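First the structure, in the form of structure tokens, and then the observations on it.
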Amino acid sequence: MDLKEEEKEEELEGLSSEEVAESRKKYGLNKLDYKKQNNIYLFLKNIFSEPMILLLLVASGIYYTNQQYSDAIFLSVSILLIAGISIYQDKRSRNALAKLQEFTQPAYEVVREGKHQRIPVKDIVLGDVIIIEEGSLVPADGNIMRSNDFSVDESILTGESLAVFKSSETEDNKVFSGTIVASGLAFVRVTNIGLQTRLGRIGSSIETIKEEKTPLEMQIGSFVKKMVFAGAIVFILVWMLNYSKIGSLEKSLLMSLTLAMSILPEEIPVAFTAFMALGAQRMMKKGIVVKQMKTVETLGSATVICTDKTGTITQNKMELAALYLPSGLEIAAAAFSETEASRSLIRNAMWASEPIAFDPMEAALHNAYKKSTDQDWRADFKMVHEYPLSGTPPMMTHVFENSSGTRIIAAKGAPEAILEVCGLSSPEYKRIIAALDKLTLKGYRVLGVAKGDLQGSHYPAKQQEISFAFKGLIAFYDPPKDNIREVLKSFYDAGIEVKIITGDNAGTTASIAKEIEFRGYEKSITGKELMEMTDSELQSSVMDINVFSRMFPDAKLRIVNALKANGQIVAMTGDGVNDGPSLKAAHIGIAMGKKGTAIAKEAASLILAEDDLSKMAEAVAMGRKIYVNLKKAIRYIISIHIPIILIVFVPLALGWVYPNILNPIHVILLELVMGPTCSILYENEPAEDNIMQEKPRPPRTTFFNGKEIMASFIQGMMITVGALLIYQFSVRMNLGENGTRSMVFLVLIAANILLTLVNRSFQYPLFTTLKYKNPLVPVIIGITILLVVMLFAIPFLRSLFDFECISFFHTAVCLVIGALSVLWIEAVKYLKNGLL
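Sequential numbering from 19 applies to the sequence shown in this note's numbering.
This is the structure:
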């Protein structure tokens, strides 16, 4: 090794721990921080954007003006409490999303103190030696120190769509942050990080683009806006009506404010945000990284999962299994070094691989070469030209030379591609194809290998123009994962179709599919056949075919689009650069956390940290659970708001003896009781037993369908009837205004508690749902009961809320009426489902 090579090796030792610490201290983290958020501004914006808080401010101002200081102070404290809860929920959601964003940042391999380490992109420092390979986003600006078959797509900076080949010896030996490694591998010395990179200096153009709202978000937003609008109209009408009757501006304003507050369903958007963000955080703890909150709501409706074979269904071990020689001899892996012909085949396959192997098959070939040769020639030969993997089906060719001018030209790739360039006779071709079929039927993945012959220094534009001689076939066995049968069964039980989309050939794929009891393994189609179909032909046949072999990016994208055209909700797994378009096109793009490229992870909306498809089954189950629990929470909110609205409105509108039976302080007290129930208790509900045995919900199902809204409305009306009956009962019993208010309040609280329990399932009866494991249920119900006891037992609180102690008999009547106004739904469940 000469002096220059020794210096290069020394450089590849990387930085020491002390140098890393010094560089970080001097130059900071590798992050792009443009926006500096004003926390005080955000705090005030969050508070004053809440309609409920604005109404409370007005109401408390009126109480202060009228010198009703107890009521005013209570409302002021309520404002702080609601603002605190709102900000806490928002911060909790933001923290969950921040952790998700941090987790989804790609990790890079660096060389430090001579050892390879994987670190987050933000921890890369100036002077680091980083290793970047095909499919990676370049994390920082730097100079290439060593490379193999290395090219970069710099279109983000230059607009030029063609990849640029670079090395340490080319004039342009720099790489820039944000560009994409199109092929090969390189060791790079970092020269600029963060805002000092070329991309960082561009500035705001790389700011995160605001995501569009999902259909569910829009439905919920539309519903809340309509309720706010209705509240505003009713507020004005009631204010005018009361003012014309009583002539008091303050009293009429308080009456109308009470009604407006009862109409506002401000818990709904809070519940939605909490469910999505916390659901995503729960998934992250299970190794399922959700990059976009919208994926959480989509997961439960997935109808088709398109999965890769290698590394997803199989273990991606790529053990050398067998060799096939041109003589027609098949050799088992254990004996591959016994003949010169088999050693020659291994040698050619190794020369056709990358000098620094990062693919499992190429690593296996390098290991086989070391075991089968007496003299390792790799240090003596230098790659002088290469043709990267290309063509359909693909192949690649490398050209090596030593100092004496001896040349090695080796190619490997899909057997069909290799056979096509070798000029074989018809009998030879048929014999090799028969051998290929025999190997693939065993579930082997097979590569063709050829030796090239080229005179002179002129290299043709295409590798297919070189003269090649067939050297043989190399078979690898990639065993299926141990749990894959159970994973497939869980998808089938959940009514989800599974399709294998792979670059491997049909025989190998069918063999593995049969072994794992995959449905529909008998019928397959190749990428070439698929591309010859019209869109309508593909759309009509795509649901009947479950195995797609020899696929390439355009074919994968057509499959996803054909499934979407059939009204399917498509989940698509992928790990390579070429999977980017189909991952982006799918409703749920799923990248592999370990073997997935940065491009695949960037395009995907979900990342499986352990490359384990069973996590996808867990994600679907959790997505369904979140959707169902959110529906429970919102139906609960609608049901409990209706009696509050009508108990405020009916006495006012009909001129009953006590028109102000509920004031702003009572409404806000009920809101404080309801808030934790909808956004904390229901979010923590476990999945129901049959959640993964049900069919996916239809793609075009609306969250607020008429039948469910009507059911919630009827629930609310029944509670209203119970509360108004108690109102009239109290009046007839001459209990006075405070006694009547106390009884109506107790009915609402009893109904609220039972509604919480009853709405835990729309299918199973109460005695079944009481067995659900949710520790928050007794906690929140216990706090609610304790609060009610304190309201009546503590004289100050009793006076503040204008309550009075009532007899045991009257209390029992309230509890019975409250219970009956809710428990009727249990009879409906029984009649509907035949459950006892």
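Cβ atoms here follow ideal geometry from the backbone N, Cα and C, with glycine treated the same way. In this text the structure is predicted, and so the values were computed from the model without any measurement.
Look at the Cβ atom of residue i, then the Cβ atom of residue j, and state whether they are nearer than 8 Å.
i: Ala1; j: Ile306; result: A question about residue 1 goes unanswered here, because the residues of the chain that appear run from 19 up to 854.
i: Thr802; j: Val685; result: no
i: Ala9; j: Gly740; result: Beyond the ends of the chain as shown, which are 19 and 854, falls residue 9; an answer cannot be given.
i: Ala125; j: Ile142; result: no
i: Met808; j: Leu818; result: no
i: Pro497; j: Gln333; result: yes
i: Leu343; j: Ala359; result: yes
i: Gly202; j: Ser154; result: no
i: Leu626; j: Gly611; result: yes
i: Leu465; j: Lys430; result: yes
i: Ala382; j: Glu701; result: no
i: Leu773; j: Ile665; result: no
i: Lys140; j: Leu47; result: yes
i: Asp597; j: Lys582; result: no
i: Gly145; j: Glu36; result: no
i: Asp629; j: Thr328; result: no
i: Ile660; j: Phe570; result: no
i: Val199; j: Val246; result: no
i: Val505; j: Ala635; result: yes
i: Val206; j: Gly160; result: yes
i: Ala428; j: Lys469; result: yes
Only counting the same chain, and skipping five residues up and downstream in sequence, which positions put a Cβ closer than 7 Å to that of residue i?
i: Ala528; result: Tyr539, Ser542 and Val565
i: Gly525; result: Asp455, Thr458 and Leu459
i: Val314; result: Met294, Gly297, Ala298, Val308, Gly641 and Ile644
i: Tyr676; result: Pro669, Glu755 and Thr758
Kindly list the residues whose CB is nearer than 6 Å to the CB of residue i, restricted to its own chain and excluding five residues on each side of it in sequence; keep chain order.
i: Gly32; result: Val129, Arg130 and Val147
i: Met736; result: Ser839
i: Ser390; result: Ser355, Arg361 and Ile364
i: Val646; result: none
i: Val439; result: Gln482 and Phe486
i: Lys713; result: Gly513
i: Arg136; result: Ala125 and Glu127
i: Glu337; result: Tyr495
i: Lys650; result: Tyr700 and Asn777
i: Ala204; result: Ile150, Ile162, Ser165 and Phe168
i: Trp842; result: none
i: Ile767; result: Val806
i: Lys619; result: Ala609 and Ile625
Apart from the five residues just before and just after residue i, which ones in its own chain have a Cβ nearer than 8 Å to its Cβ?
i: Val578; result: Cys324, Val588, Met590, Ser600, Ala603 and Ala604
i: Gly724; result: none
i: Gly346; result: Arg449 and Ala453
i: Leu743; result: Ile835
i: Val560; result: Ile577, Ala580, Leu581 and Asn584
Quick one: what's residue i bridged to in DSSP?
i: Ile492; result: Leu341 and Leu465
i: Gly592; result: Ala609
i: Val170; result: Val182 and Val199
i: Asp562; result: Paired residue(s): none; Asp562 is not in a bridge.
i: Asn161; result: Lys192 and Arg207
i: Thr544; result: Ser567
i: Ala351; result: Per DSSP, none; premise fails for Ala351.
i: Gln135; result: Val128
i: His416; result: Glu404 and Ala428
i: Glu151; result: Leu203
i: Glu515; result: Val322
i: Thr332; result: Pro498
i: Leu33; result: Arg130
i: Phe486; result: Gly470
i: Val307; result: Ile625
Q.
Contact between the stretch 378-393 and the stretch 411-422 is defined here as three or more beta-carbon pairs at a separation below 8 Å; is this criterion met?
A. no
Q: Run through the stretch 606-677 for me and flag every whole alpha helix (DSSP H) of 4 or more residues, listed as ranges in chain order.
A: Complete alpha helix (DSSP H) runs here, min 4: 616-621 and 632-672.
Q. Enumerated in chain order, which unbroken segments of the alpha helix (DSSP H) with a length of 4 residues or greater are wholly contained in the stretch 725-794?
A. 754-776 and 784-787
Q | Contiguous alpha helix (DSSP H) assignments of at least 4 residues, all confined to the stretch 367-393 | A | 378-390
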